[in-house]
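In what follows, a single structure is set out as structure tokens and then discussed.
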Amino acid sequence: MDIGRTQVYRCPSCRTDTSHTVRTRQGNIYGVICNRCQTASLVRKDDLLFYQDLWEDEVRAILMSLENPDDK
Ligand SMILES: [Zn+2]
């Protein structure tokens, strides 16, 4: 994971899953900044990747429901 990359994470201030920019890294801890309210959070790498997986699953589900509008 690189500095400057955008990651989805739950912002403690917005209380929602929103995109964050990775600003700094120290070992397994990343400093991310909410793109909505600019709140900085420290996140373990595992947690960040966990969120990314969750998010991608959600996006995939949304895309599939768009491709198959008849599926309920
Ligand atoms: Zn925020």
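Basically the numbering used here = 1-based index in the sequence shown + 921. Beta carbons: idealized from backbone N, C-alpha and C, even for Gly. Only a predicted model underlies this, so the values are computations on that prediction, with no experimental measurement involved.
Taking the alpha-carbon of I924 as reference, which of V953, Y972, T939 has the nearest alpha-carbon? In the sequence shown, residue 924 corresponds to position 3, counting from 1. Here the closest residue by C-alpha is V953.
Could you tell me whether the stretch 953–964 touches the stretch 931–944, using the rule of 3 or more Cβ pairs below 8 Å? yes
As a quick check of your reading: which residues have a C-beta less than 5 Å from at least one non-hydrogen atom of ligand 1, in chain order? C932, S934, C935, C955, R957, C958, T960
Distance between beta carbons of V964 and Y930, contact taken as under 8 Å: Along the sequence shown, one-based indexing puts residue 930 at 9. Along the sequence shown, one-based indexing puts residue 964 at 43. Contact flag correct, Cβ pair sits at about 6 Å.
Unbroken alpha helix (DSSP H) run spanning S986, endpoints: For the purposes of this step, residue 986 is taken as residue 65 along the sequence shown, with counting starting at 1. Segment 966–988, the alpha helix (DSSP H) holding S986.
List the whole-angstrom C-beta distance separating S934 from C958, where the pair is believed to meet the contact cut-off of C-beta under 8 Å. Here residue 934 refers to the residue found at position 13 when the sequence shown is read from its first residue. Here residue 958 refers to the residue found at position 37 when the sequence shown is read from its first residue. The pair is a contact, with the Cβ atoms about 5 Å apart (cut-off 8 Å).
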